[in-house]
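Asks: Protein chains in written order, with the working numbering: chain V, 25 to 277; chain A, 25 to 277. Quick one: the structure is below, and I'll ask about it shortly.
Put into structure tokens, the structure is as follows:
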């Protein structure tokens, strides 16, 4: 019966699909299950007696050849160490503390996003801490991508609103110009010379034609935005563009 | 020594921060740890010998008083059952299968988002399945919220682009009208009567003034969009708005 229970528990421990690591008062690994070995990429024989940072290959243990897990500057912020200490020293179990660990594996550096839970155990009058580690790296990366995408979309929307507001504002000017000249002509026609009349009509024409072009460009731009049209790269003379811009602005002035 | 190991394993099992449930060949619960009891909201005494659906209060066990876990229509798609069967019958361990369970608790119905892992165990010549359950409901809900937000933002952006394209298009018309009349006047002035000239100028004025108003409304709208202005609700006569719309369209026709 005793043997059966022992066999049962040891199989449950080994086959639990989440990393279970038992550490002693110094934080040194005493027991680790299969999922834990998979997470660390090392067997119990390799990690037995090691500190967490050594077993995980935390970047802080690679600063120089004397750096030890727990003694680098960053170690005071280490969520793994802090959870362990809170539980070992004060007996407070920690539940699913979000912990990001920077790992150095050969030449690569990457981040593991973990949920760390720690529980105090009393085994044969000695205190131990059981660390349960859930690896949520994939979920966290997906989450971060979604957050990044949200930020991009919000920025795009803000730019678009701002742009829209500027455009609406700028388009009002030519209409004021046009209505102004047309009213002058209508109300006070006889007081102008032929040349003046011609120049007024020409202003109206220029103003409306230039703004029409501006609108055509805007329409093109918005079609590109909604993906209805591919952009077509070509060489241009910058002086032509500047000249055109000046002449449009002059007409609106 | 044997006693110490047994004590150690049983404490590790009890204190693992993830639900561990051992079930027999029928899928009936034989052993459950503290995290498992917390997830189910019931103790081992309550759930011992029960099927998973009964212990979880799956909605499918409440269809009528005769429905049993595994025998409802939906049960063929049950990820928990399928993982259990794949592991028990074929010996293939399942790792972190996303499983959504509809739970009925008193009057409430809600969804648990779980990651289910199953492993085959041989204890005293009998086959058992160890089920490791990670509850990712909060993360999944947050994820779904982000996805929903992304969809909303994309729709908003598409609407805005579409709207912008329509506006640019519609604004082109008045300019064509204005330039057209102004050119007629300029090029062929002497051939028109005073009345015709007046009416041309009036068309130019109306067209530009109405479009100016349209732009002012757009500007207001875009200010509301960027949150610079609060909307101010007031009573209006719908006939006035229709009349204004007609007169604007007439001027552009």
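The C-beta atom is built at its ideal place from N, Cα and C for all residues, glycine as well.
Go ahead and label residue 116 of chain A buried or exposed: buried means 16 or more other beta carbons lie within 10 angstroms of its beta carbon, across all protein chains shown.
Replies: Counting from one through the second chain, the residue named residue 116 of chain A turns up at place 92. Residue 116 of chain A is exposed by the Cβ-count criterion.
Asks: Here's a check: name, in chain order, each residue in its chain whose Cβ is nearer than 8 angstroms to the Cβ of residue 213 of chain V, leaving out the five neighbours to either side.
Replies: Counting from 1 along the first chain, the entry for residue 213 of chain V is found at position 189. Excluding positions up to five away in sequence, the list reads 221.
Asks: What first and last residue would you give for the beta strand (DSSP E) that runs through residue 126 of chain V?
Replies: What you label residue 126 of chain V is simply residue 102 of the first chain in a count that begins at 1. Where residue 126 of chain V is concerned, the enclosing beta strand (DSSP E) stretches over 118-129.
Asks: What residues of chain A sit near residue 156 of chain V, judged by a beta carbon separation below 9 angstroms?
Replies: As a position in the first chain, residue 156 of chain V is number 132, starting the count at 1. By Cβ distance, chain A contributes 39, 40, 41, 42 and 59.
Asks: Can you give me, in chain order, the residues of the stretch 255-276 of chain V that have a beta carbon less than 9 angstroms from any beta carbon in chain A?
Replies: Under the 9 angstroms Cβ criterion, the stretch 255-276 of chain V contributes no residue.
Asks: In this structure, how does DSSP classify residue 135 of chain A when only helix, strand and coil are distinguished?
Replies: The sequence position of residue 135 of chain A within the second chain is 111, counting from 1. In this structure, residue 135 of chain A counts as strand in the three-state DSSP scheme.
Asks: Is residue 45 of chain V closer than 8 angstroms to residue 74 of chain V when the C-beta atoms are compared?
Replies: Along the first chain, one-based indexing puts residue 74 of chain V at 50. Along the first chain, one-based indexing puts residue 45 of chain V at 21. No, the pair does not count as a contact, with Cβ atoms beyond the cut-off.
Asks: Along chain A, in chain order, which residues have C-beta atoms closer than 7 angstroms to that of residue 202 of chain V?
Replies: Stepping through the first chain from its first residue, residue 202 of chain V is reached at position 178. Residues of chain A passing the Cβ test: 202, 228 and 232.
Asks: Between the alpha carbons of residue 147 of chain V and residue 112 of chain V, how many angstroms are there, rounded?
Replies: If you number the first chain from 1, residue 147 of chain V lands on position 123. If you number the first chain from 1, residue 112 of chain V lands on position 88. Going by the C-alpha atoms only, they are around 13 angstroms apart.
Asks: Does any residue of chain A bring its CB to less than 8 angstroms from the CB of residue 30 of chain V?
Replies: Your numbering for residue 30 of chain V matches position 6 in the first chain. It does; some Cβ of chain A falls within 8 angstroms.
Asks: In the DSSP assignment, the alpha helix (DSSP H) including residue 155 of chain A goes from what residue to what residue?
Replies: Here residue 155 of chain A refers to the residue found at position 131 of the second chain. No alpha helix (DSSP H) holds residue 155 of chain A; the beta strand (DSSP E) holding it covers 150-159.
Asks: If you check the beta carbons only, do residue 239 of chain A and residue 196 of chain V fall under 8 angstroms apart?
Replies: Taking the first residue of the second chain as 1, we reach residue 239 of chain A at position 215. Taking the first residue of the first chain as 1, we reach residue 196 of chain V at position 172. Going by C-beta atoms, residue 239 of chain A is nearer than 8 angstroms to residue 196 of chain V.
Asks: Could you list which residues in chain V have their beta carbon closer than 9 angstroms to that of residue 173 of chain A, in chain order?
Replies: Counting from 1 along the second chain, the entry for residue 173 of chain A is found at position 149. Neighbours of residue 173 of chain A on chain V, chain order: 170, 174 and 177.
Asks: Counting beta carbon pairs with one atom in the stretch 149-157 of chain V and one in the stretch 146-163 of chain A, are three or more of them shorter than 8 angstroms?
Replies: As far as the Cβ criterion goes, the stretch 146-163 of chain A does not touch the stretch 149-157 of chain V, which means the pair count is below three.
Asks: Just to confirm, is the Cβ distance from residue 41 of chain V to residue 143 of chain A under 8 angstroms?
Replies: As a working note, residue 41 of chain V is residue 17 in the first chain. As a working note, residue 143 of chain A is residue 119 in the second chain. Yes, Cβ-Cβ distance for residue 41 of chain V and residue 143 of chain A is below 8 angstroms.
Asks: Which parts of the stretch 37-118 of chain V are runs of the beta strand (DSSP E), unbroken and 3 residues or longer, counting only runs that do not cross its ends?
Replies: The stretch 37-118 of chain V contains these whole beta strand (DSSP E) runs: 43-47 and 53-56.
Asks: Could you check the C-alpha separation between residue 88 of chain V and residue 80 of chain V for me, to the nearest Å?
Replies: Locating residue 88 of chain V in the first chain gives position 64, where the first residue counts as 1. Locating residue 80 of chain V in the first chain gives position 56, where the first residue counts as 1. The alpha-carbon atoms of residue 88 of chain V and residue 80 of chain V are separated by roughly 17 angstroms.
Asks: Please state if the CB of residue 140 of chain V and the CB of residue 107 of chain V are separated by a distance shorter than 8 angstroms.
Replies: What you label residue 107 of chain V is simply residue 83 of the first chain in a count that begins at 1. What you label residue 140 of chain V is simply residue 116 of the first chain in a count that begins at 1. Against a cut-off of 8 angstroms, the Cβ pair of residue 140 of chain V and residue 107 of chain V comes out as a contact.
Asks: For a contact defined as C-beta to C-beta under 7 angstroms, what are the partners of residue 35 of chain V on chain A?
Replies: Against the first chain, residue 35 of chain V aligns to sequence position 11. Simply 145 and 147.
Asks: Could you tell me the distance, in whole angstroms, from the CA atom of residue 49 of chain V to the CA atom of residue 82 of chain V?
Replies: Residue 49 of chain V sits at position 25 when you count from the first residue of the first chain. Residue 82 of chain V sits at position 58 when you count from the first residue of the first chain. Taking the straight line joining both Cα atoms gives about 20 angstroms.
Asks: Compare the beta carbon distance of residue 228 of chain A and residue 266 of chain V with 8 angstroms and say whether it is the shorter of the two.
Replies: On the second chain, residue 228 of chain A is found 204 positions in, with the first residue counted as 1. On the first chain, residue 266 of chain V is found 242 positions in, with the first residue counted as 1. Against a cut-off of 8 angstroms, the Cβ pair of residue 266 of chain V and residue 228 of chain A comes out as no contact.
Asks: Does the beta-carbon of residue 206 of chain V have 16 or more other beta-carbons within 10 angstroms, so that it is buried, or is it exposed?
Replies: In the first chain, the residue the question calls residue 206 of chain V occupies position 182. Residue 206 of chain V comes out buried.
Asks: Can you check whether the CB of residue 69 of chain V is closer than 8 angstroms to the CB of residue 7 of chain V?
Replies: The displayed coordinates of chain V run from 25 to 277. Any statement about residue 7 of chain V would go beyond what the structure contains.
Asks: Less than 8 angstroms between C-beta atoms, sequence neighbours within five positions excluded: which residues of the same chain meet that for residue 99 of chain A?
Replies: Along the second chain, one-based indexing puts residue 99 of chain A at 75. Excluding sequence neighbours, residue 99 of chain A sits near 77, 84, 93 and 105.
Asks: Exposed or buried, what is residue 257 of chain V when buried is set at 16 or more other beta-carbons lying within 10 Å of its beta-carbon?
Replies: Within the first chain, residue 257 of chain V is the residue found at index 233, counting from 1. Looking at its Cβ environment, which holds fewer than 16 other Cβ atoms inside 10 Å, residue 257 of chain V is exposed.
Asks: Do you know how far the Cα of residue 137 of chain V is from the Cα of residue 183 of chain A?
Replies: The count along the second chain starts at 1 and reaches residue 183 of chain A at position 159. The count along the first chain starts at 1 and reaches residue 137 of chain V at position 113. Rounded to whole angstroms, residue 183 of chain A to residue 137 of chain V spans 37 angstroms at the Cα level.
Asks: Note down, in chain order, every chain A residue with its Cβ under 8 angstroms from the Cβ of residue 236 of chain V.
Replies: Position 212 of the first chain holds residue 236 of chain V. The contacting residues are 196, 199, 200 and 203.
Asks: Which residues in the same chain as residue 201 of chain A place their Cβ atom closer than 6 angstroms to its Cβ, once the five residues preceding and following it in sequence are excluded?
Replies: Within the second chain, numbered from 1, the residue matching residue 201 of chain A stands at position 177. So the qualifying residues of the chain are 231.
Asks: Put residue 235 of chain V into one of helix, strand or coil per three-state DSSP.
Replies: As a position in the first chain, residue 235 of chain V is number 211, starting the count at 1. Residue 235 of chain V: helix per DSSP, three-state reduction.
Asks: Measuring CA to CA, which of V:126, V:51 and V:242 is closest to residue 187 of chain A?
Replies: The residue labelled residue 187 of chain A in the question sits at position 163 within the second chain. Checking every option, the nearest Cα to that of residue 187 of chain A belongs to V:242.
Asks: Given a threshold of 16 other Cβ atoms within 10 Å of its Cβ, counted over all protein chains shown, does residue 59 of chain A qualify as buried or as exposed?
Replies: The count along the second chain starts at 1 and reaches residue 59 of chain A at position 35. Buried, because 16 or more other Cβ atoms sit within 10 Å of the Cβ of residue 59 of chain A.
Asks: I need the DSSP call for residue 225 of chain V, collapsed to helix, strand or coil.
Replies: Start at 1 with the first residue of the first chain, and residue 225 of chain V comes out as number 201. In this structure, residue 225 of chain V counts as helix in the three-state DSSP scheme.
Asks: Considering only residues of the same chain and omitting the five flanking positions on each side of residue 191 of chain V, which have a CB-CB separation below 8 angstroms?
Replies: Working through the first chain from its first residue, we reach residue 191 of chain V at position 167. Cβ within range, chain order: 242.
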